[in-house]
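>
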Amino acid sequence: MTPWSLETLVPLPVLVPLFAAGLALALHRYERAQRIISVVALSVVVAAAAGLVVAAQDGPVVIDVGGWAAPVGVNLVADPLAALMLLVSSVVLLCVLLYSMAQGIADGNDRTAPATRDTKILQEAIRGQDADADEDTRRDVLPVAIFHPTFLILAAGVADAFLAGDLFNLYVGFEILLAASYVLLTLGGTVERIRAGSVYVVVALLSSIVFLVAVGLVYAATGTVNMAQLAERLPDIDPGVRLGIQGLLLLAFGIKAAIFPLSAWLPDSYPTAPAPVTAVFAGLLTKVGVYAILRTQTLLFPRNEALEAVLLVLALATMIVGILGAVAQDDVKRLLSFTLVSHIGYMIFGVALATQASTAAAIFYVVHHITVQTALFLVVGLIERRTGTTSLDRLGGLATMAPGLAVLFFVPAMNLAGIPPLSGFLGKVGLLEAGVVDGSGLAWVLVVGSVVTSLLTLYAVVRAWNKAFWQPCPEKLPEPTPLPWGMVGPTAALVAVSVGLTVVAGPLYAYADRAAESVMDGRTYIEAVFPDGAPRGTGESNKTTDHTEEVAP
Amino acid sequence: MIVLDTVPSGALLLTVGVLFAAGVYLLLERSLTRVLLGFVLLGNGANLAILVAGGRAGAPPITGATAEPMSDPLAQAMVLTSIVITLALVAFVLAMAYRSWQLHGHDEVQDDLEDTRIARLADADAPSYADSDAEESGSTLDEEAVAVRDEVALPDRETPSGTTRGGEDA
Numbered sequence: 023m024t025p026w027s028l029e030t031l032v033p034l035p036v037l038v039p040l041f042a043a044g045l046a047l048a049l050h051r052y053e054r055a056q057r058i059i060s061v062v063a064l065s066v067v068v069a070a071a072a073g074l075v076v077a078a079q080d081g082p083v084v085i086d087v088g089g090w091a092a093p094v095g096v097n098l099v100a101d102p103l104a105a106l107m108l109l110v111s112s113v114v115l116l117c118v119l120l121y122s123m124a125q126g127i128a129d130g131n132d133r134t135a136p137a138t139r140d141t142k143i144l145q146e147a148i149r150g151q152d153a154d155a156d157e158d159t160r161r162d163v164l165p166v167a168i169f170h171p172t173f174l175i176l177a178a179g180v181a182d183a184f185l186a187g188d189l190f191n192l193y194v195g196f197e198i199l200l201a202a203s204y205v206l207l208t209l210g211g212t213v214e215r216i217r218a219g220s221v222y223v224v225v226a227l228l229s230s231i232v233f234l235v236a237v238g239l240v241y242a243a244t245g246t247v248n249m250a251q252l253a254e255r256l257p258d259i260d261p262g263v264r265l266g267i268q269g270l271l272l273l274a275f276g277i278k279a280a281i282f283p284l285s286a287w288l289p290d291s292y293p294t295a296p297a298p299v300t301a302v303f304a305g306l307l308t309k310v311g312v313y314a315i316l317r318t319q320t321l322l323f324p325r326n327e328a329l330e331a332v333l334l335v336l337a338l339a340t341m342i343v344g345i346l347g348a349v350a351q352d353d354v355k356r357l358l359s360f361t362l363v364s365h366i367g368y369m370i371f372g373v374a375l376a377t378q379a380s381t382a383a384a385i386f387y388v389v390h391h392i393t394v395q396t397a398l399f400l401v402v403g404l405i406e407r408r409t410g411t412t413s414l415d416r417l418g419g420l421a422t423m424a425p426g427l428a429v430l431f432f433v434p435a436m437n438l439a440g441i442p443p444l445s446g447f448l449g450k451v452g453l454l455e456a457g458v459v460d461g462s463g464l465a466w467v468l469v470v471g472s473v474v475t476s477l478l479t480l481y482a483v484v485r486a487w488n489k490a491f492w493q494p495c496p497e498k499l500p501e502p503t504p505l506p507w508g509m510v511g512p513t514a515a516l517v518a519v520s521v522g523l524t525v526v527a528g529p530l531y532a533y534a535d536r537a538a539e540s541v542m543d544g545r546t547y548i549e550a551v552f553p554d555g556a557p558r559g560t561g562e563s564n565k566t567t568d569h570t571e572e573v574a575p
Numbered sequence: 002m003i004v005l006d007t008v009p010s011g012a013l014l015l016t017v018g019v020l021f022a023a024g025v026y027l028l029l030e031r032s033l034t035r036v037l038l039g040f041v042l043l044g045n046g047a048n049l050a051i052l053v054a055g056g057r058a059g060a061p062p063i064t065g066a067t068a069e070p071m072s073d074p075l076a077q078a079m080v081l082t083s084i085v086i087t088l089a090l091v092a093f094v095l096a097m098a099y100r101s102w103q104l105h106g107h108d109e110v111q112d113d114l115e116d117t118r119i120a121r122l123a124d125a126d127a128p129s130y131a132d133s134d135a136e137e138s139g140s141t142l143d144e145e146a147v148a149v150r151d152e153v154a155l156p157d158r159e160t161p162s163g164t165t166r167g168g169e170d171a
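These protein sequences, in sequence, are chains A and B.
Position 75 of the first sequence, counted from 1, bears residue number 97 in the numbering used here, the numbering being contiguous throughout.
Position 96 of the second sequence, counted from 1, bears residue number 97 in the numbering used here, the numbering being contiguous throughout.
1. Quick check: the Cα distance between LEU404 (chain A) and LEU505 (chain A), rounded to an integer number of angstroms?
2. Count Cβ pairs between the stretch 296 to 304 of chain A and the stretch 248 to 262 of chain A that sit closer than 8 Å; are there 3 or more?
3. What in chain D is Cβ-close to THR82 (chain B), meaning under 8 Å?
4. Would a check of beta-carbon distances place ARG317 (chain A) closer than 8 Å to chain B?
5. Is the shortest distance between the beta-carbon of GLU136 (chain B) and the beta-carbons of chain A less than 8 Å?
6. Report the residues of the stretch 204 to 233 of chain A with a CB closer than 7 Å to any CB of chain B, ordered along the chain.
7. Report yes or no: do the stretch 180 to 197 of chain A and the stretch 228 to 245 of chain A share at least 3 C-beta pairs separated by less than 8 Å?
8. Using the beta-carbon of each residue, which ones in chain A are nearer than 7 Å to GLY44 (chain B)?
9. Beta-carbon of ALA23 (chain B) versus every beta-carbon of chain A: anything under 8 Å?
10. Could you check whether the Cβ of PRO128 (chain B) sits closer than 8 Å to any Cβ belonging to chain A?
11. Kindly list the residues whose CB is nearer than 7 Å to the CB of THR34 (chain B), restricted to its own chain and excluding five residues on each side of it in sequence; keep chain order.
12. With the cut-off set at 8 Å, would you say ALA374 (chain A) and GLU330 (chain A) are in Cβ contact?
13. Taking ALA348 (chain A) as the reference, give the member of A:ALA439, A:SER220, A:VAL84 and A:VAL521 with the closest Cα.
14. Whose C-alpha, out of B:LEU95, B:LEU104, B:GLN103 and B:GLN111, is nearest the C-alpha of GLY39 (chain B)?
15. Please go through the same chain and pick out, in chain order, the residues whose beta-carbon is closer than 6 Å to the beta-carbon of LEU27 (chain B), but skip the five residues on each side of it.
16. Short of 7 Å in beta carbon distance, which residues of its chain neighbour ALA383 (chain A), apart from the five on each side in sequence? Order them along the chain.
17. Look at the alpha carbon of PRO261 (chain A) and the alpha carbon of GLN268 (chain A), and state the distance between them as a whole number of angstroms.
18. Rounded to whole angstroms, how far is the Cβ of LEU119 (chain A) from the Cβ of LEU64 (chain A), which I believe are closer than 8 Å?
19. Any residues in the stretch 53 to 75 of chain B with a beta carbon nearer than 8 Å to a beta carbon of chain A? Which ones, in chain order?
20. Helix, strand or coil for GLU109 (chain B) per DSSP?
21. Along the stretch 237 to 259 of chain A, where does the CB come closer than 9 Å to a CB of chain B? Name the residues.
22. Name the residues in the stretch 73 to 95 of chain A whose C-beta lies less than 7 Å from a C-beta of chain B; which are they?
23. Can you check DSSP and say which residues form a bridge with SER413 (chain A)?
24. Using beta carbons (cut-off 8 Å, strictly below), is GLN77 (chain B) in contact with chain A?
25. Among residues of its own chain, excluding the 5 on either side of ALA71 (chain A), which ones have a beta-carbon nearer than 7 Å to its beta-carbon?
26. By a C-beta neighbour count over all protein chains shown, 10 Å radius and 16 as the cutoff for buried, is SER133 (chain B) buried or exposed?
27. Tell me the rounded alpha-carbon separation between VAL354 (chain A) and LYS278 (chain A).
28. Under the rule that 16 or more other beta-carbon atoms within 10 Å means buried, what is GLY11 (chain B), buried or exposed?
29. Rounded to whole angstroms, what is the Cα-Cα separation between GLY44 (chain B) and ILE84 (chain B)?
30. Quickly, what does DSSP pair ASN48 (chain B) with across the bridge? List them, please.
31. Could you check what DSSP says for SER32 (chain B) in three-state terms: helix, strand or coil?
32. Under 8 Å, Cβ to Cβ, is there at least one residue of chain B near GLU197 (chain A)?
33. Have a look at ALA237 (chain A) and SER364 (chain A) and give me their C-alpha separation to the nearest angstrom.
34. Leaving out the 5 sequence neighbours to the left and right, which residues in its chain are closer than 7 Å to LEU480 (chain A) when beta-carbon positions are compared?
35. Can you give the Cα-Cα distance for ARG133 (chain A) and VAL32 (chain A), rounded to whole angstroms?
36. Would you mind sorting GLY461 (chain A) into buried or exposed? The rule is 16 or more other CB atoms within 10 Å of its CB.
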């Protein structure tokens with residue numbers, strides 16, 4: 023391997039943020055240095071991810087990180103799917119980082135969540151007495167120097183989960199990003215965040231344990247955790263054992279992706295975090311779960327009609343229950359959290375149909391949804407900053423008061439609802455086409471369900487639009503605070519990206535199609551990891567992992 | 002030519018089962034400290050399960066030095082990693098439980114007030130745009146807070162002027 027071959031790019035999205043996190047933590051006294059380090063690190067990740075997207079067109083780029091042979095050593099694989107996910111997520115992470123710096127969350131001037139009247143009322147209600155209030159407010163103004171390092175570690179974890187070439191590394195990637203998310207969600211340790219954080223952390227811990235047990239079972243059943251090797255071996259093992267493992271993995275990822283019966287934790291915990299944190303969680307964390315489902319269901323396991331039917335039903339339930347929850351909310355953040363759950367259903371719909379067209383549509387939809395959902399949460403952060411509340415009962419008159427803000431909300435909201443010609447419409451059409459081609463009764467039910475969900479999404483966001491922007495202001499809002507350009511800029515950039523996805527929808531859809539082809543087939547993936555069927559790298563401990571083979575004397 | 006013995010040990014499997022059962026039971030508790038203990042048990046059970054998956058114990062897995070069956074190094078490497086991860090998470094949950102105790106005087110996980118409020122809206126069949134705050138529904142959020150605090154019924158909850166810290170002095 024030459025020092026600057028393409029493979030060198032693969033570990034960068036994981037390593038650069040990790041080192042930068044260490045550096046940022048060491049320099050916690052120098053806020054400016056922290057900011058520069060974070061921005062530079064995430065910019066490098068964006069560049070590396072863009073390079074990988076181009077490179078992965080000609081087949082997956084693989085690297086054995088420790089120099090050990092692929093089935094034993096840790097390897098990172100950037101196939102088209104992983105590279106695309108990585109690029110979108112790193113762009114979103116960079117935008118949110120810039121936004122959060124302008125918001126001043128890093129230096130403790132976080133004026134959003136704990137300061138609004140809504141949460142104050144709730145806090146006092148929960149507490150029942152306000153003896154601790156002083157302690158709380160004191161706590162809020164303490165410097166939060168850990169924000170930047172934690173955010174970078176989150177970026178590293180997301181990249182690791184996308185690039186992981188074996189199940190255990192996927193687990194580690196999940197743990198890295200979850201551990202970072204625990205810290206970000208409970209930032210400042212206020213009453214409301216600790217309450218929400220408890221639910222979130224306990225649920226996430228449980229899903230991690232389920233995942234770990236599944237990894238152990240996979241290892242017991244096949245003697246490997248390498249994905250390429252699993253793709254070869256899993257079809258040969260006992261179907262009952264395989265179904266058990268598949269179910270456990272689905273359960274673990276289903277909790278992370280917030281699929282319906284496992285989604286109750288999400289709308290409770292997300293809205294309490296600071297706006298940029300909620301935005302990045304909503305955009306990325308559930309999608310990492312969706313990615314893991316997509317990866318394991320298509321690459322590793324052979325098709326299983328019964329399980330696909332179950333997934334279809336779950337997708338329908340996720341869509342409908344989620345969107346009905348959204349309709350009932352009168353807080354914008356919670357409304358958006360419920361639409362987030364609801365739209366996970368679309369992606370699961372695509373995965374469950376298990377054709378190349380449906381998978382491509384699901385991948386396109388994930389890309390669209392990451393940008394749009396994050397943009398919407400950032401806009402809500404702006405609204406909260408401007409007015410001090412996110413309750414639809416208190417908001418009003420924003421269309422005249424802040425026309426720019428209105429545009430920033432309206433465009434991604436319509437995109438989310440799937441108004442043509444925006445990318446949300448294109449993704450939904452792709453899914454509907456795949457459903458119609460499938461033609462089974464259940465698929466038709468899903469097609470109808472998707473359309474209904476889309477209309478209800480439109481209803482939910484238009485309701486939010488009417489109340490927050492068009493209705494006259496029900497009560498006097500506090501003195502308008504000017505929005506810093508540093509917050510508006512990244513939001514506008516992300517909205518522009520989500521609109522731009524419509525413009526480049528043709529090439530993007532073609533790329534998603536190629537990514538889908540590569541994960542559905544699996545052959546290119548396996549050949550990239552094991553060229554000529556031989557182990558890669560210089561390590562030799564291949565044989566000891568394989569229980570069925572003999573150990574060399 | 003030595004074939005690794007992969008038949009799992011029954012005693013270890015039984016231990017895994019017991020750890021899981023006890024862990025799940027504790028995880029269903031409402032106090033964070035007990036949840037944490039449940040997580041520790043579950044984590045240990047999962048780690049043990051991976052070790053069992055690696056086959057029976059053997060000589061130390063050192064490369065190029067084996068004439069006898071080695072332990073499976075991969076399972077050990079994975080378990081080491083997951084032990085470290087579990088340790089870090091335990092530390093975090095401990096900190097969170099302590100913070101919860103600082104704020105509330107206990108470490109019980111609470112229900113979501115907003116959920117309760119929305120549920121009440123549906124109960125009363127009120128239009129969703131109505132505010133269910135004190136002036137309209139007749140019950141204040143304070144009362145709702147007391148209502149949703151099930152299982153905890155601390156005496157000082159009924160009398161807001163009571164002690165701020167903990168049920169132990171009530």
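Note that beta-carbon positions come from the ideal geometry of N, C-alpha and C, so glycine has one too.
From a predicted model like this one, the values you see are computed outputs, not experimental measurements.
This is what the structure gives:
1. 7 Å
2. no
3. Here the protein chains are A and B, and chain D is not one of them.
4. no
5. With a pLDDT of only 46 at GLU136 (chain B), under the threshold of 50, the placement of this residue in the model should not be trusted; the figure read from the coordinates follows. Taking Cβ atoms only, chain A never reaches closer than 8 Å to GLU136 (chain B), which makes this a no.
6. TYR204, THR208, GLY211, VAL213, ILE216, ARG217, GLY219, SER220, VAL221, VAL223, VAL224, LEU227, LEU228 and ILE231
7. yes
8. ILE231
9. no
10. In this prediction, PRO128 (chain B) has a pLDDT of 49, which is less than 50 and means its spatial position is unreliable; nothing more can be read from the coordinates.
11. ALA98 and ASP108
12. yes
13. A:ALA439
14. B:LEU95
15. ARG35, LEU38 and GLY39
16. GLY372, GLY449, GLY452, LEU453 and ALA456
17. 10 Å
18. 6 Å
19. VAL53, ALA54, GLY55, GLY56, PRO62, THR64, THR67, ALA68, PRO70, MET71, ASP73, PRO74 and LEU75
20. strand
21. VAL237, GLY238, LEU239, VAL240, TYR241, ALA242, ALA243, GLY245, THR246 and VAL247
22. VAL94
23. A:ASP353
24. no
25. PRO35, ALA105, LEU108, LEU109 and SER112
26. Its pLDDT being 47, under 50, SER133 (chain B) is placed unreliably by the model, and nothing is read from it.
27. 23 Å
28. exposed
29. 8 Å
30. Beta-bridge pairing links ASN48 (chain B) to no other residue.
31. strand
32. yes
33. The question names Ala, yet the displayed sequence has Val at residue 237 (chain A). In a straight line, the C-alpha of VAL237 (chain A) is about 29 Å away from that of SER364 (chain A).
34. ALA439
35. With a pLDDT of 41 at ARG133 (chain A), under the threshold of 50, the modelled position of that residue is not reliable, and the figure given next carries that caveat. Answer to the nearest angstrom: the Cα atoms are 38 Å apart.
36. exposed
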